[in-house]
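Residue numbers (the numbering used here), protein chains in the order written: chain A, 2 to 305; chain B, 2 to 305.
Glycine residues also receive a C-beta, built at the ideal position from the N, C-alpha and C atoms.
Small disclaimer: the values here were computed from a predicted structure and weren't measured.
Contents: one structure, followed by commentary.
Protein chains: 2
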Amino acid sequence: MQPFNIHVLGCGSALPTRRHLPSCQVVDLRGKLLMLDCGEGAQLSWRRTGLNWQNLQHILITHTHGDHVFGLPGLISTMGLLGRKAPLFVYAPEALHPFLECILRDFCRDLDYEVHFKAVDTQAHFLLFEDRSMEVWTLPLSHRVPCCGYLIKEKAGLPHIRREMIDFYNIPLWAINKIKAGADWELDDGTIVPHEHLTSPADRIRSYAYCSDTMPTSMLAEWLAGVDLLYHEATYADTESMLAEKYGHSTARQAALTAQRAGVKKLLLGHFSSRYDDESVLLREACEVFPDTVVAYEGMRISP
Amino acid sequence: MQPFNIHVLGCGSALPTRRHLPSCQVVDLRGKLLMLDCGEGAQLSWRRTGLNWQNLQHILITHTHGDHVFGLPGLISTMGLLGRKAPLFVYAPEALHPFLECILRDFCRDLDYEVHFKAVDTQAHFLLFEDRSMEVWTLPLSHRVPCCGYLIKEKAGLPHIRREMIDFYNIPLWAINKIKAGADWELDDGTIVPHEHLTSPADRIRSYAYCSDTMPTSMLAEWLAGVDLLYHEATYADTESMLAEKYGHSTARQAALTAQRAGVKKLLLGHFSSRYDDESVLLREACEVFPDTVVAYEGMRISP
Numbered sequence: 002m003q004p005f006n007i008h009v010l011g012c013g014s015a016l017p018t019r020r021h022l023p024s025c026q027v028v029d030l031r032g033k034l035l036m037l038d039c040g041e042g043a044q045l046s047w048r049r050t051g052l053n054w055q056n057l058q059h060i061l062i063t064h065t066h067g068d069h070v071f072g073l074p075g076l077i078s079t080m081g082l083l084g085r086k087a088p089l090f091v092y093a094p095e096a097l098h099p100f101l102e103c104i105l106r107d108f109c110r111d112l113d114y115e116v117h118f119k120a121v122d123t124q125a126h127f128l129l130f131e132d133r134s135m136e137v138w139t140l141p142l143s144h145r146v147p148c149c150g151y152l153i154k155e156k157a158g159l160p161h162i163r164r165e166m167i168d169f170y171n172i173p174l175w176a177i178n179k180i181k182a183g184a185d186w187e188l189d190d191g192t193i194v195p196h197e198h199l200t201s202p203a204d205r206i207r208s209y210a211y212c213s214d215t216m217p218t219s220m221l222a223e224w225l226a227g228v229d230l231l232y233h234e235a236t237y238a239d240t241e242s243m244l245a246e247k248y249g250h251s252t253a254r255q256a257a258l259t260a261q262r263a264g265v266k267k268l269l270l271g272h273f274s275s276r277y278d279d280e281s282v283l284l285r286e287a288c289e290v291f292p293d294t295v296v297a298y299e300g301m302r303i304s305p
Numbered sequence: 002m003q004p005f006n007i008h009v010l011g012c013g014s015a016l017p018t019r020r021h022l023p024s025c026q027v028v029d030l031r032g033k034l035l036m037l038d039c040g041e042g043a044q045l046s047w048r049r050t051g052l053n054w055q056n057l058q059h060i061l062i063t064h065t066h067g068d069h070v071f072g073l074p075g076l077i078s079t080m081g082l083l084g085r086k087a088p089l090f091v092y093a094p095e096a097l098h099p100f101l102e103c104i105l106r107d108f109c110r111d112l113d114y115e116v117h118f119k120a121v122d123t124q125a126h127f128l129l130f131e132d133r134s135m136e137v138w139t140l141p142l143s144h145r146v147p148c149c150g151y152l153i154k155e156k157a158g159l160p161h162i163r164r165e166m167i168d169f170y171n172i173p174l175w176a177i178n179k180i181k182a183g184a185d186w187e188l189d190d191g192t193i194v195p196h197e198h199l200t201s202p203a204d205r206i207r208s209y210a211y212c213s214d215t216m217p218t219s220m221l222a223e224w225l226a227g228v229d230l231l232y233h234e235a236t237y238a239d240t241e242s243m244l245a246e247k248y249g250h251s252t253a254r255q256a257a258l259t260a261q262r263a264g265v266k267k268l269l270l271g272h273f274s275s276r277y278d279d280e281s282v283l284l285r286e287a288c289e290v291f292p293d294t295v296v297a298y299e300g301m302r303i304s305p
């Protein structure tokens with residue numbers, strides 16, 4: 002299967018700790034890289050992933066709280082110093098625009114690449130962009146400021162060629178892509194070999210949803226229906242449910258309820274409050290509702 | 002002696018590496034904390050020092066390159082979340098002002114403390130501020146943008162009481178501070194005991210200078226005369242001296258020459274280019290000129 006990996010660079014919340022960095026993930030889908038949020042230290046953690054900066058095309062920001070964006074100045078500057086030429090697209094709520102403009106004006110005048118800001122309507126669920134490999138959809142969230150998550154859906158790939166059949170019929174290389182695309186093969190005696198005999202089915206289509214930060218919101222489970230892997234914030238345990246409501250966050254149990262309602266395959270918890278020395282209580286409370294739950298950690302790599 | 006410690010939080014240059022973070026130091030002088038530059042990750046590294054955020058009074062920025070200031074947004078926000086009330090003073094070239102205003106306007110509206118920006122004239126050597134413990138002087142540097150270093154001079158403390166003399170003459174507690182301040186003591190029979198007999202001399206006065214980033218500049222050695230500890234940037238080795246000149250930096254040897262001319266007691270090298278896997282070549286070249294040289298590292302604690 003082609004790579005579809007999520008690299009967790011940071012999964013803490015507003016107050017960084019010795020264990021957790023602020024929010025940031027990198028999604029590697031068939032070699033194309035998307036960054037989800039960009040907390041302070043993103044460029045420092047990036048180096049441990051071994052990923053190539055040049056392949057980062059899009060940065061998707063959920064909302065304009067510092068722990069989700071304060072890594073942007075350093076990341077943008079460093080890619081400039083490293084000789085980046087390819088344009089970079091930053092999707093975020095409009096409120097990020099002045100900060101980005103300030104960075105570009107005061108610190109990045111010599112940048113050899115373009116940074117394009119795209120304001121995201123955080124109220125609507127819509128297709129933000131697509132290319133040959135993926136669709137990226139917005140997921141309106143409910144937080145103290147305009148906020149939206151992102152749903153990344155892989156596009157269907159081509160079927161796989163069955164090498165033994167190609168050898169058997171002595172089919173030339175030039176015909177391979179046509180057969181993958183659905184063309185049948187005609188033998189010298191005029192016999193037609195249906196393309197289904199020459200191929201095995203394409204890989205299953207995978208999807209990943211990133212929901213940080215949010216309190217429970219009614220439509221979310223519908224938009225997340227059938228998602229393979231859901232990252233959902235789980236800032237608090239049950240005992241802090243009042244704080245979760247006050248600050249527009251979720252408990253681990255609430256995250257699990259959303260995962261259950263949506264029928265996702267796996268739940269990944271993150272955005273942990275600094276009050277927890279470890280996340281065992283959050284994992285336990287989520288698993289009571291949705292057993293296929295794991296907790297994020299810095300350096301984690303996980304696939305949908 | 003009262004504490005006068007320099008904590009190195011970051012001593013790399015523009016490109017962070019796996020070994021080095023961008024420029025940042027914290028000076029602890031008698032429990033008062035000053036930050037020197039504030040590269041990305043400053044608030045994350047701070048936690049390892051065990052120092053109290055509340056005691057940070059001043060942040061001194063040398064210049065407005067990202068690797069010296071991109072830690073400010075996170076640091077200022079986090080201190081707000083932690084309930085800071087005391088005002089914070091940020092000294093920097095005027096060019097930092099718009100960035101700071103943007104941070105405060107877009108991310109720190111709920112801050113419970115005041116952030117005062119003080120524009121620094123980077124062309125003049127002058128007393129920036131003083132309190133009971135220290136004087137802070139500017140050190141004009143020569144870089145690609147307006148830039149100045151900072152010289153922190155401890156103020157003379159009071160002499161130490163000689164406990165055995167106090168016991169011998171049975172001097173009451175209320176008289177101690179007066180004797181320290183220079184008052185003699187009169188015995189019951191009218192004999193005067195000179196205060197010099199009751200005290201030992203005050204601790205020696207220490208000084209620390211922070212010079213990052215700069216190419217060699219003529220007046221610097223004069224202003225640094227007799228400094229106990231000099232942090233001087235040493236971005237490059239001899240073989241990269243052309244790059245040092247081009248980018249307004251120093252080689253390790255040039256740093257050592259300044260230390261030698263100024264007659265400082267000890268030289269601390271930092272701001273290392275990412276091209277060096279370790280700093281042995283920089284240390285060797287500096288030591289050829291000025292033997293009492295050490296290299297900085299993240300987590301280092303050193304005193305003048």
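- Counting along the chain, the unbroken beta strand (DSSP E) around residue 59 of chain B starts and ends at 57-61.
- In terms of beta-carbon proximity, residue 96 of chain B lines the interface with chain A, with at least one pair separated by less than 8 Å.
- Between the C-alpha atoms of residue 96 of chain A and residue 65 of chain A there is a straight-line separation of about 7 Å.
- Separation of residue 77 of chain B and residue 292 of chain A (C-alpha to C-alpha, rounded to the nearest whole angstrom) is 39 Å.
- Using beta-carbon distances, residue 148 of chain A does not count as an interface residue toward chain B, since no partner is under 8 Å.
- Shown here, residue 233 of chain B sits in a strand according to DSSP, grouped into three states.
- Between residue 63 of chain B and residue 27 of chain B, the CB-CB gap reaches or exceeds 8 Å.
- Linking residue 24 of chain B to residue 276 of chain A through their CA atoms gives a straight-line distance of about 29 Å.
- When the beta-carbon positions are compared, residue 302 of chain B and residue 8 of chain B come within less than 8 Å of each other.
- Taking C-beta atoms as the reference points, residue 230 of chain A and residue 269 of chain A count as a pair closer than 8 Å.
- Here residue 261 of chain B really is in contact with residue 290 of chain B; their C-beta atoms are around 6 Å apart, less than 8 Å.
- The beta carbon of residue 99 of chain B sits closer than 7 Å to none of the beta carbons in its chain outside the five residues before and after it.
- Between the region 113-123 of chain A and the region 188-199 of chain A there are fewer than three inter-stretch CB-CB distances shorter than 8 Å, so the stretches are not counted as touching.
- When the beta-carbon positions are compared, residue 238 of chain B and residue 256 of chain B stay at least 8 Å from each other.
- Taking all protein chains in view, the Cβ of residue 14 of chain A is crowded by 16 or more other Cβ atoms within 10 Å, so the residue is classified as buried.
- Runs of the beta strand (DSSP E) lying entirely within the region 249-295 of chain B and spanning at least 3 residues, in chain order: 267-271.
- Contact between residue 252 of chain A and residue 144 of chain A fails: their C-beta atoms lie close to 15 Å from each other, not under 8 Å.
- For residue 240 of chain A, the number of other beta carbons within 10 angstroms of its own is below 16, and it is reported as exposed.
- In terms of CA proximity to residue 108 of chain A, A/74 leads the group A/74, A/166, A/177 and A/184.
- Cβ-Cβ separation between residue 30 of chain B and residue 166 of chain B: approximately 29 Å, too far for a contact (criterion under 8 Å).
- Here residue 21 of chain A really is in contact with residue 11 of chain A; their C-beta atoms are around 7 Å apart, less than 8 Å.
- Spatial neighbours of residue 16 of chain B in its own chain (CB-CB distance under 7 Å, excluding positions within 5 residues in sequence) are listed in chain order as 275.
- Taking 8 Å as the cut-off, the Cβ atoms of residue 41 of chain B and residue 42 of chain A count as close.
- At a cut-off of 8 Å, the C-beta of residue 85 of chain A has no neighbouring C-beta in chain B.
- The Cβ of residue 26 of chain A sits no closer than 8 Å to any Cβ of chain B.
- For the options A/156, A/258 and A/124, the alpha carbon positioned closest to that of residue 147 of chain A is the one of A/124.
- Only those residues of the region 34-56 of chain A whose C-beta falls short of 8 Å from the nearest C-beta of chain B are listed: 41, 42, 44, 45, 48 and 49.
- Pairing residue 305 of chain A with residue 151 of chain A gives a Cβ-Cβ distance that is not under 8 Å.
- Among the residues of chain A, none has a CB under 9 Å from the CB of residue 249 of chain B; the nearest is roughly 14 Å distant.
- Within the same chain, 145 and 236 come within 8 Å of residue 248 of chain B by CB-CB distance, once the 5 residues on both sides are set aside.
- Identification of chain B residues near residue 22 of chain A by a Cβ-Cβ cut-off of 8 Å yields 45, ordered along the chain.
- Residues are counted here when their Cβ sits less than 9 Å from a Cβ of chain A; for the region 100-122 of chain B these are 100, 102, 103, 104, 106, 107, 108 and 109, given in chain order.
- Contact annotation: residue 154 of chain A and residue 133 of chain A have beta-carbon atoms that are not nearer than 8 Å.
- Taken through DSSP and simplified to helix, strand or coil, residue 145 of chain A comes out as coil.
- Leaving aside the five residues that flank residue 138 of chain B on each side, the residues in its chain whose CB is nearer than 6 Å to its CB run, in chain order, 128 and 152.
- In the structure shown, residue 124 of chain B adopts coil according to DSSP, grouped into three states.
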